[in-house]
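Visitor:
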Amino acid sequence: MFIWFLVDFYQNIDFQSEILTSAAWGGLIGSCVGLVVGIIYAVKIFRSQQRTFKQVLDQINDLVAAKDD
């Protein structure tokens, strides 16, 4: 969907107006930077959740092992 946005945005740039072109390039670059930052943030949250899930599973396994003893 993001690629579709970039292609559509690029096709609608009016190269006759220099101000519009610079604003369009700013929008494209800002969108790309936002996408990269968003992906980094999502990966950070995902890793944090995986770490929490692992800790919970370890606690459950410890309780089950203690119960079996």
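In our numbering, the protein residues as written are -16 to 52. Backbone N, C-alpha and C fix where the C-beta goes; we use that ideal spot for every residue, glycine too.
#1: Indicate the three-state DSSP secondary structure (helix, strand or coil) for F36 in the structure shown.
#2: Kindly indicate which three-state DSSP category S31 falls into: helix, strand or coil?
#3: For the alpha helix (DSSP H) that contains D(-3), what are its first and last residues?
#4: Nearest-angstrom Cα distance between F(-15) and F(-2)?
#5: Roughly how many whole angstroms lie between the Cα atoms of G17 and A25?
Guide: The answer reads as follows:
#1: Along the sequence shown, one-based indexing puts residue 36 at 53. Three-state result, F36: helix.
#2: Here residue 31 refers to the residue found at position 48 of the sequence shown. Helix.
#3: The count along the sequence shown starts at 1 and reaches residue -3 at position 14. Annotation: D(-3) is outside any alpha helix (DSSP H) and is labelled neither H nor E by DSSP.
#4: Translated into the one-based positions of the sequence shown, residue -15 becomes position 2. Translated into the one-based positions of the sequence shown, residue -2 becomes position 15. When rounded, the distance between both Cα atoms is 22 Å.
#5: Reading the sequence shown from its first residue, position 34 is the one you call residue 17. Reading the sequence shown from its first residue, position 42 is the one you call residue 25. If you draw a straight line from the Cα of G17 to the Cα of A25, it comes to about 12 Å.
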